[in-house]
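Shown next, in structure tokens, is the structure this report addresses.
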Amino acid sequence: MRIAIIVDGLESTRQFHSDDGEAIRQACVNVRVGNSPIDVEIFRDSQVESLLDGLADSDVAALFFASNSLRHADGLVAKAVSGHREEIVKFLNAGHGLAVLHQYGAGALPLDMPNGTVLRYAAAQVGKLTPTNASASVRAEDPLLNYPEFVADFDAGLATTGQLQSKVSWMAVDLSEMEGFQAVLRGATGDVLLSRSSDSFDWRVVACALPLDWHRAQDLLRNIAQFIATGSPQCVVWSGHDDDAPSPLAPALSQLGTSYLVDPETGPTDNRRTGPTTEWLITRPALHLVGDVLRPQAISPAWLESAKAGGVVLSAAATIDNDVTFFSGLIGSRRLEFARNFFSNLDSDVDGVKTCTDIFPLRNQILAASYFCGLFPGLGNVWNPQTDPLFSARLTSLVYPGMTMTSVLATVQILTSVAASPRILHSAQGLLATLAPDDPGTGALISACRTAIDRTPMDDMFKSIDKIDDDDLDAPLAIRLLDWIGFLKLGLHLDGNKDDLHAVVTRLIGCAATSERDGLWMSLEGTTSVVLGVVAAVTARPDAIELLDRTAKGLMALRQEYAQNRSNPSETDVITRVSHALSIAEQVAPLVIDRIAEAVPRSTYARSRPDSPETQEQSGRQADILSVRNREVNAALVQSRQSLAARAPIWILGALFVWVLVCGTMIWLGFLAGQIWRWPTLAPFLTAPVAFIWFWLATRVIWAMERFEIVPRWLSRLSRAFPKFTARAKSVTTIAANDGTPGRLPR
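In terms of numbering that gives the first Met the number 0, the sequence shown is residues 0 to 746.
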């Protein structure tokens, strides 16, 4: 594997600050692929053309474009890159990366991204450009600032001689049309100076407006090179200390392309941690292989923190049997993953949520946002409906005359989850009193609303449910009540008698069971309501874990739905509700086995296997493409049928004319054959030829008419039942068989 550095010879000759790619080479030399170094090679001018030919199938792991290497559109480098746009896209789609440094005067670069965007630079604003204001969240999470070198002081890393002392950069990255890219560093004027592609892509691209090679910024250059070559580490191998036996898995995992081997002296212990890079690695959602054996009684807080952040911490040790390996580990829940995905999908539609008029999608979004904000208050890029003044001002409009009982029930959940003012809550409570019919089932729902509004224990609600006869407690009502129990217990954290809660949930599950089909309780939303009610009972009484057996298939159905549509914008409403329920279910029924399989990183040296995730994803994309093509073909077929139907009268008249012509011809030939008998001397010689001509012409005409579908098929089958046509069919079949390929018999 190697990193190819691309420079422009003309710029290397002219620019006072240029070092012909030497600073980048020195940074790339320190890049590790697994536990192995990587080769580095510099390409200039005409050499770039041969480098890009067959790039996707070469051993190049990443491309690194030096400053101003693409500045001159008529230069050899820019022409070679422009002529190999498709090859570079194919190279990136194979899981590789590239980085582009400062390009003076350039707008759109001749580099296409697999998602359709193009890298763009723009002139920087006048003013101080020193990149001193990286946000706290970017500073804490972004690999370009933390791995493998922690960049503590950007200004110190950009000091050099000449005019660069006062001018950090002439250009800025234009992210306005670069979809899928995120800012990493901004200047004091707000210009984006360093950006990279999103982690959701298989490919890795860094766009940097800073001439880091001219600044000799070795730490940032090495981090960029490491990122485009391997990405963030998927596996971190922590070596044991002197008194620890080495892990039997360490030699194999440390060689994977996406692994990082930590120095034994910088590994975490119970009482100390060494270095900011170590701190960053601990919180990575990766597979952490530790050298010491993990025991529940003596687990380092660092590893608990890593598991909570989404990582999988495993230790392995040899046993007395060489065929058996001992494992112990820590695996966190998926709740942080659910929260991040929820806010990621919500980010582009926050305004839509604020103005949504459909009460149930709004309820699902507000309940999920309130839950995740309370669960992870320090999570970045979140929207909290409780602290949003615009949404708070809209709460009054949610209660209005003419509401139905259904909308009032959903509105009460929204209002109580965001702690609306008592005036709005009492307005909703007044509507309930006027709309509710006088029956035990509705009485239980009204009791649930009062419990939520007054924030009182759930005991009164349990009593109202007990008053409902079994004949009146049908499956839809039971599922609604389970939803309210889950909301009160898990959303508002209200208490109640634990035994009564268990008994009520058990009864409701039994009444709702008639609606269960293949794990779905009436619908996906109904299934989430059942799961929430069961989790509420298990949370109150851990010994009631047997209730989860009733919803095991339902949880499986929800997890499958989430996996298939987690990023589908058309399914945001359903996925919001599903992710909310699954996150809550992780408290009592965490699914950790699949986390181990997902955490095992794939080697950057390995090609795709039929069962690999990337191959399955590619198969999924191919299936989507085939589905779209199938719909297009069906649409074209429908259009053709409609066109034929519109021309049906013409076809009927044409078929009638052909039939009249054919019948007339046959009658004339029959009359001619009859006339021959009037000359006995000619009859023996002409009768047979005329009869054969009449027979041959009749069968061919019928066959042709059948091809145009203007004669019944039974009549055409008679034309093919004679020896002449049968022999032709046999000959075609024989040729196909001798050729070794399947043949198609003529019609």
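From the three backbone atoms N, C-alpha and C, an ideal C-beta is built for every residue, glycine too. In this text, all values refer to a predicted model and were calculated from it rather than measured experimentally.
{"Check": "Can you tell me whether GLY8 is helix, strand or coil according to DSSP?", "Outcome": "helix"}
{"Check": "My parser needs the alpha helix (DSSP H) runs of 4 or more residues fully inside the segment 390-430; what are they?", "Outcome": "404-416"}
{"Check": "If you drop the 5 nearest sequence neighbours on each side, which residues of the same chain put their C-beta closer than 8 Å to that of VAL47?", "Outcome": "ILE5, LEU75, VAL76, ALA79 and VAL80"}
{"Check": "Taking just the CA atoms, how far does HIS71 sit from ALA122?", "Outcome": "16 Å"}
{"Check": "Hey, could you find the ends of the beta strand (DSSP E) GLY96 is sitting in?", "Outcome": "96-99"}
{"Check": "Just verifying my parser: in three-state terms, what is the DSSP assignment at TRP749?", "Outcome": "Residue 749 lies beyond the stretch modelled for the chain, which goes from 0 to 746, so this question has no answer here."}
{"Check": "On the three-state DSSP scale, how would you describe LEU472?", "Outcome": "coil"}
{"Check": "With DSSP run on the structure shown, which of helix, strand or coil describes MET170?", "Outcome": "strand"}
{"Check": "Whole-angstrom Cβ separation of ALA249 and LEU288, contact assumed at under 8 Å?", "Outcome": "6 Å"}
{"Check": "By Cβ distance below 7 Å, which residues in the same chain neighbour THR410 in space, the five residues on each side in sequence not counted?", "Outcome": "ILE358, LEU397, VAL398 and ALA427"}
{"Check": "What does DSSP give as the partner residues of GLU515 in its beta bridges?", "Outcome": "TRP520"}
{"Check": "Given ILE544, which residues of its chain have a CB within under 8 Å of its CB, disregarding the five upstream and five downstream residues?", "Outcome": "VAL537 and VAL587"}
{"Check": "Taking contact to mean 3 or more Cβ pairs, one atom from each stretch, closer than 8 Å, check whether the segment 91-101 and the segment 204-214 are in contact.", "Outcome": "yes"}
{"Check": "So, at 7 Å on beta carbons, what are the nonlocal neighbours of LEU487 in its own chain, with the 5 sequence-adjacent residues on each side left out?", "Outcome": "ALA447, THR450, ALA451, MET457 and LEU493"}
{"Check": "Per DSSP, what kind of secondary structure is SER35 in: helix, strand or coil?", "Outcome": "strand"}
{"Check": "Hey, would you say PHE200 sits closer than 8 Å to GLY179, going by beta carbons?", "Outcome": "yes"}
{"Check": "Applying the criterion that 16 or more other CB atoms from any shown protein chain within 10 Å of the CB defines a buried residue, is GLY655 buried or exposed?", "Outcome": "Going by the sequence as given, residue 655 is Leu instead of Gly. Exposed, because fewer than 16 other Cβ atoms sit within 10 Å of the Cβ of LEU655."}
{"Check": "Starting from the N-terminal side, write out each stretch of the alpha helix (DSSP H) that is 4 residues or longer and does not extend beyond the segment 434-512.", "Outcome": "439-453, 458-465, 474-485 and 497-511"}
{"Check": "Sorted by chain position, which residues of the same chain lie with C-beta nearer than 8 Å to GLU799's C-beta, five sequence neighbours on each side aside?", "Outcome": "As displayed, the chain neither begins before 0 nor continues past 746, which places residue 799 out of reach and without an answer."}
{"Check": "Count the other CB atoms within 10 Å of the CB of ASP291; is the residue buried (16 or more) or exposed (fewer)?", "Outcome": "buried"}
{"Check": "Could you tell me whether the segment 13-28 touches the segment 213-222, using the rule of 3 or more Cβ pairs below 8 Å?", "Outcome": "yes"}
{"Check": "Please confirm whether ALA60 and ARG1 have their CB atoms less than 8 Å apart.", "Outcome": "yes"}
{"Check": "Since I believe ILE281 is in contact with GLU305 (beta carbons under 8 Å), could you give me their beta-carbon distance rounded to a whole number of angstroms?", "Outcome": "The sequence shown places Ser at residue 305, rather than the Glu named in the question. Sure, about 5 Å apart at Cβ, within 8 Å."}
{"Check": "With a CB to CB cut of under 8 Å and the five nearest residues on each side skipped, what residues in its chain are close to LEU531?", "Outcome": "LEU481, ASP482, ILE484, GLY485, PHE486, LEU489, ALA580 and ILE583"}
{"Check": "For ASP322, which of PRO142, GLN124, PRO360 and PRO247 has the nearest alpha-carbon?", "Outcome": "PRO247"}
{"Check": "Please classify LEU660 as buried or exposed, where buried requires at least 16 neighbouring CB atoms within 10 angstroms.", "Outcome": "exposed"}
{"Check": "What is the rounded straight-line gap between the Cα of PHE326 and the Cα of LEU255?", "Outcome": "20 Å"}
{"Check": "According to DSSP, is TYR146 helix, strand or coil?", "Outcome": "coil"}
{"Check": "Can you round the beta-carbon distance between PHE375 and LEU335 to whole angstroms, since I take them to be within the 8 Å contact cut?", "Outcome": "7 Å"}
{"Check": "Relative to the C-alpha of THR257, which candidate in TRP279, SER35 and PRO388 has its C-alpha closest?", "Outcome": "SER35"}
{"Check": "For GLY328, which residues does DSSP report across the bridge?", "Outcome": "LEU313"}
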